[in-house]
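In order, the protein sequences belong to chains C and A.
Each number in this note's numbering comes from the position in the first sequence (counting from 1) with 1 added on.
Each number in this note's numbering comes from the position in the second sequence (counting from 1) with 116 added on.
Glycine residues also receive a C-beta, built at the ideal position from the N, C-alpha and C atoms.
Notes follow once the structure below has been shown.
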Amino acid sequence: MKRNFYFTDLPKITVRRVLNSILFLFLLFIGTSLSAQTIHGNVKDADTGEALIGASVIDVETGNGTITDLDGNFSIKVKSPSTSLKISFVGYDDFVLALNGQNNVVVQLLSGTKLNEVVVTALGISREKKAIGYAMTELKSDDINDAKETNIVNQLAGRVAGVNITKSSAGPGSGSRVIIRGNNSLSGNNQPLYVVDGVPVDNSGFGSANGSGTANYKRTDYGTGISDINPDDIESVSVLKGPNAAALYGSRAANGVILITTKKGTGGKGLGVTYSTYYTMETPMLLPKYQNKYGMGSLGQIDDDLETYKTHSGSWGPKMDGSERLYWTGEKKKYTAAPNNIKNFFRTGSNFINTLAFDGGNSFGTFRFSYTNTKANSILENSGLQRHNFNLRAGANLTDKLSLDAKVTYFIQNGKNRPDQGTEGIMAYVYGIPRNIPIADLKDYQNDDYSSRSYNSLGSNPYWILYSDRNDDRRNRIQGFTKLTYKFSDHFSIMGRIGLDNIDQNIERVSAYGHWFYPTGGINFSDHKTAESNMDFLAMYNTKFTSDLDFDFNFGGNMMRRTFSSQGINASSFRIPTKATVTSTKPDKRYPFYNPQGEKRINSLYFSSQFGYKNFAYLDITGRNDWSSTLPESNRSYFYPSVSLSFLLSELLNVNALNYSKLRFSYAKVGSDTGPYKLTNSFFLDGEGYLGRTTLSTSSTRLNPNLKPEQTKSFEIGYETKMFDNRFYLDLTYYSIKTNDLITTVPVPPASGYSRELTNVGEMTNKGIEAVVGFVPVKTSDLTWDISFNFAKNDNRLIKLIEGVDNFVFTTTNSGNLVVQATVDGTEIDGKKVEGHFGDIYGTELMRNDAGQLVVDATGHPQRTGKKVYLGNYQPDWTGGMFNVINYKNLAFKFLIDARIGGQLYSGTDAGLDASGVSERTLAGREEGIVVDGVVNTGTEEEPVWEKNTVNIPIQEYFGSISGAASEYIYDQTNIRLREVSLTYKMPSSLFSKTGIKGVSIGLVGRNLMFFKNALENFDPESTYSTSNFAQGVLFYNLPSTKSLGVNLRVKF
Amino acid sequence: MKNNILKYLLVFLVFAGTITSCTKDFNEINKNPNAILPDEASARYFLTKAEYRLYASGRYTYWRANLIHADRYAGYFCFGNSGSWWNDELGYKFHGGYTGATWGLYGGYFGVINTFLKLTQQGGDFENPLMEAVGKILEALYYQQYTDVFGEVPYSEAGDPDIKLPKFDTQKDIYQGIINELNEAMATIGDATATGTGVDDLGSNDVIFGGDLQKWKKFANSAKLRIALRAYGAPGADFAETAINECLSSGQFMEDFGAILEKDNAISQWNSSSYADIWHRFGGKGSKWKVSQTMINYLRDYNDPRLEKYADPIPGGDISLKRPLAKDNEEAYNKFPKRLDFIKSLFDEAKVEYTVENVGDTIFNISIPENTYYVGQPTRLGSGIKSMAKWEFFSSPDLYVIGLDPDDNNIAPEIIMTAAETYFLRAEAAVRGFGAGNAQELFTKGIEAAMALYNVDGSDYIANADLAQLNGSDEENLEKIAIQRWIASYTDGFEGWADVRKSGYPKALSQGVSDPDIYGLGDIDGDYPTRMQYAGSAYNLNGAHVDEAVARQGADKQNTPLWWQK
């Protein structure tokens, strides 16, 4: 094993070098594609007329072949005009066409009596879907690219049963939280493994969005690795749900795998050029409902003293009557409402994606090159994202046995002023602006002494954040692989592959001089480098023992190496107030940091074998052994198996109406390791020492030298059927997943000497059902309509944690009135056993007496309990989607309605809006105050005497009291929305017959257009201010989620 | 063909073999390059943190534990003027987040001191009994503060690696335990002057005494007297009398030096915060505070030269108070005259020459000479009077306390224990009949030491102020000693608060408040807070033991008395 296999040691690949290589390949292919006899054709489904994508077309004489493109078109060079073409496609009967001198043909295939759909499974092995013993879902390129998102995973929302997507509300380039079949781990991020063309890719993220920690002050989401993938390059996406499908991927696959296959060049049709452009406009989907009658002030008054005036920045002032009154600028001004002041803060965002792709190939090889440019403007001014994706894929048949497949992707991204979200994030300074202040009055955000200019005494101003504070991030990523396959015979081949993924990201954040919390300003720069290499091989063997018994055997190995390093500087106090650079800071206020390269490795060996009996019964057995560098020597090696069995009942029954019927069972076990350096505590030098002294520290987390791998065991059973000429289909799954020995950092009593302990703890289970049902109610040669429904329900339980601890806290509020936690099932609270789940919400409530009456104090104010009670759980009861595809001639209309039913959340934003008197709810009782409908204790604590409350209190104080009780701001998360709509028109190719244009399609697309139902009045319940485990089930000053509407144009040459 | 297959199979089997055998450098790979090994380090580098993290912690706890709770419970500082983010009821109502931060301060510090003790104890990486003795002295001081805030806390089982959920100990057991620890530490130190040579000498890493073990020993004996006098008189505290006698007969006291921690405002506020950080790093007046009426009155009325070092004269000027209209806010309208009278009474008490001009029914223009008078803000003002309690009416802390800017290092140090306090403790012991000391002499020396801390000349004061003379009954003398000690502990809120609770002086604080038109009564009906509530995390992580502690010491409320108050 030589070190120089690793990518990090290779010479640096520059953009120019990549471009030069592309140019070279280009010329090469143009040169070799000159040929006389080219046959053009189109392959369709004989029933529906729908183009068949990826059908294989082979020249019977020479054996040369190609496959059809997205429109079912192909072109192939033949030597003789009288040869025949063999056209085949899975699920259809083969068709042999004698050319007889034609050079333009249309082939209609009849769907086969057997449905032999092929899907890509773990390790990139293509398998007939019928032979698979677990649930998986595949989406094709069209499903993804009609109405696209800058982050590809968002397109899975509502499409795949059992997959829950929560999109960050941080705008372009931010992350998404993807949970497949429930949360399996407490401290991990529960995200699936992403595998692109067989190579695992990094999905880590920087900034607090991917991190842990319960604070909710300020989080910036810099996205995670998966959002770097260009949707235009994607051929298909397979979701391997849960450990059963993913067992072969090992440690990182315990939360499922999302398998992405990118496009390759197609052979035999010369050079193809595709240009597509996509433009959408984004506007806030939902803004809070505001009152427009009362302006800035307190207790119905406005102070005359400007300084005191500014301390009352709520909207509890007098009625806005248009009279001349003191304004925060010191002038007298008409006291009137500014009803659109929040709406006017946002601009129309946009998303502009352009892709140019070339592809081609001949009998020697294929290539595809694409360049995509994305420019996204956030709905916030001066904030957005620009990215460039370059992708080159090439394949070659070096000899008739040896073939090469290689890809390199280069990605550059610049993010500008990504928003902070949370109680000190930007929206915390927007949503509560007094109702009489037009937002434009704040645009002049700086005083002459460089301090922030504001209507409030703190001095905060949102335009300061947009224009004066700076936040830039740059991300460069090179990814690629080279794969060699040697085919000894039809029965035996061996593949070897090296895959690399190199990410360099730097982030620069500035609080400008004069910032209200950092009066002398500060700058923070960090540079993070992450690299992963995977070397693997796979030997594939298949044979028939008897005519009835097939046998496949694959044996492989993988060596994964991951490295990471970071460096940067924290500096503060700008000497030149207008110069926010590191050199401008005071020299003694600069703290550089450097974390040298760390490393993690996993070596693995694995096998999979399959027995197939008479196309009726299939038995799969897999096994994998991992050796992880992160675990102690004695526990470093761990083995995990899976077995699955499927029966094709349709083969037995032979009922005409029944096209397909399968029963499947599967059991799997997956092991999982941890990060590096988690075994023994050591000493660390502090970055700065008190009074300049050298100081050392130890971690406050007790590490564990005896860590064991985490174990996930999973069982699933499923039934699939297709009936009535495939016009009805159904796929049902029940699963049960149990994770043991979770590697978790749990808080421990500080008197132990540590605040946390990293250890193997507890047990968590997820049980659930998933269903997909589809119909094709209309199917004529011009019109087809396909409706599919999906449904998923998951029940999560935390069975046990560690001794003496019955919950694990994810999130707390600043005041501590609310926690989101995982509770141990069966915990006794007040003598009652409670159910315990991941994501339970506990909080304070308004005090009530034994009779259930609201208790107020002697001054008439509602009281809060100190104790926290169960208020809900943020996981939905069930989720579902309805997807419609209507094809009429060249028109395709698709729409997706997506439902998320049940589950609760706490809206800290609503509590804040009420406390500051801006929300519509705070209108009642403005003039007359409120006598709270409650009772007051006039007796003693031991022997209470309850009398009806008669004290009238100002409504401001009423909301002041209740806004602190968590129970008053728990909302049902139920929502049903129109997630996606697209209308695409494929122009008939006859229109362009002489122009060299082969096809044009144009579409109107919309995403997230409207709610059919939303139990939450002011916000989108699915938005999250961070995608980590530690920020769910709560809303703290998120940006509004956006709806987008746009056009999509694709031209092929 | 067959041969070829076998050949390639062999190659891959070799590769597979490589994978399995190539794990021998995994142990090396999994070593953190930033980690420092024991043979590269010394225990002295762990001491500095153990010294400053309790007294000058990071902003989160310094603000929430020190400023929001201790310094205000002690009656030194007040929020709740018209520009403040909070009314002064803050902290008297249980607040899970803020109180939880105080619990977090002590919980977090334990890891720091425990690390130092584990490293220096027998069998530790840097075994050194003298260093361990220094650690034990710090640990004793820590436990005294910790238990004085909450009552029962984990002590005897804390830090035991075999015990996941340490039990809570009674305050009596903790007091007895820490006196024993101090005894052991002093015995270990004996005549030693340093913990060793070279890296084994604490030297400059000891930011309190520069590694001088005899100073540590005197500090330990002084602290022991503080602890023993606090326990004195509590049920079953027989050990306290023994300890007081031991302290006095050893005679080892801090006299010409104190345990004082220089501030470092240059380092990150998240590492070590200060009043300068919190005062200056937030725009406006929201986070800023005023000096209490109780403190200003004692200083001003006895011509105490520390007055201008502790506080600034009030800004004054022309300020107008506006009476709300009855239709806007009936309660505020009705109570306005009473509240205005209350404000005026403060000026009268301070002999401020002010005028009030009544313009119409609703505007009251108050005119006060600028920067002339000292007026303290009454503690615990409620929400109703907040808007009338103008910033300009009350004295702010002096620049020596809050610094010129957030990076100003030239500000008052953190007080761990002063020489002045040592004298006051000895004076109290003398009044209570312990030892042969002269109470007045010790008392005078204490006042001198307290004046010296602020670089002022106290001779006139000592000669003339009645508060400097032990000329009354024992109880009256004890009150004066308590008041002087409380004044000298200014900015050390935790100790100041404990003094008020133990002695009952100043009475203005310990008697609590009762008028809801003026004051915020909090969750405790105006009572003086006797302890803080356990944080939510204490229940979450070690609930059964918290329940046991509550069952022993009384309901988990802020007015449940502690053992040494009984």
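8 Å Cβ shell around residue i - same chain, five flanking residues per side excluded
i             : result
residue 462/C : 430, 443, 446, 453, 454, 455
residue 576/C : 585, 586, 587
CB contact below 8 Å: residue i versus chain C
i             : result
residue 155/A : no
residue 665/A : no
residue 321/A : yes
residue 329/A : no
residue 367/A : no
residue 678/A : no
residue 497/A : no
residue 397/A : yes
residue 400/A : yes
residue 657/A : yes
residue 380/A : yes
residue 151/A : yes
residue 282/A : yes
Residues of its chain near residue i, where Cβ-Cβ distance is below 6 Å and the 5 sequence neighbours each way are ignored
i             : result
residue 499/C : 483, 536
residue 885/C : 788, 896
residue 403/C : 487
residue 778/C : 786
residue 478/C : 229, 412, 504
residue 982/C : 896, 1007
residue 662/A : 650, 654, 655
Rounded distance between the beta-carbons of residue j and residue i, thought under 8 Å
i             : j             : result
residue 643/C : residue 610/C : About 11 Å; that fails the 8 Å criterion.
residue 473/C : residue 416/C : 7 Å
residue 191/A : residue 494/A : About 10 Å; that fails the 8 Å criterion.
residue 457/C : residue 296/C : So it is not a contact: roughly 14 Å between Cβ atoms.
residue 678/A : residue 267/A : 5 Å
residue 151/C : residue 174/C : 6 Å
residue 932/C : residue 947/C : Their Cβ separation, rounded to whole angstroms, is 16 Å, which puts residue 932/C and residue 947/C out of contact at 8 Å.
Contact with chain A by residue i, beta-carbon distance below 8 Å
i             : result
residue 459/C : yes
residue 156/C : no
residue 358/C : no
residue 691/C : yes
residue 836/C : no
residue 804/C : yes
residue 678/C : yes
Residues bridged to residue i [DSSP beta-bridge criterion]
i             : result
residue 983/C : 895/C, 1006/C
residue 619/C : 613/C, 647/C
residue 638/C : 628/C
Residue i CB to nearest heavy atom of the ligand GTP below 7 Å
i             : result
residue 526/C : The ligand GTP is absent from the structure shown, which contains no ligands of any kind.
For the stretch 204 to 243 of chain A, list the beta strand (DSSP E) runs that are entirely contained and at least 3 residues long, ordered along the chain. Considered as a whole, the stretch 204 to 243 of chain A harbours no complete run of any beta strand (DSSP E) with no fewer than 3 residues.
Whole alpha helix (DSSP H) runs in the stretch 241 to 323 of chain C with 4 or more residues, listed along the chain? Runs of the alpha helix (DSSP H) lying entirely within the stretch 241 to 323 of chain C and spanning at least 4 residues, in chain order: 243 to 247, 307 to 312.
Unbroken beta strand (DSSP E) runs of length 3 or more, entirely within the stretch 63 to 98 of chain C: which are they? 66 to 68, 74 to 78, 85 to 89
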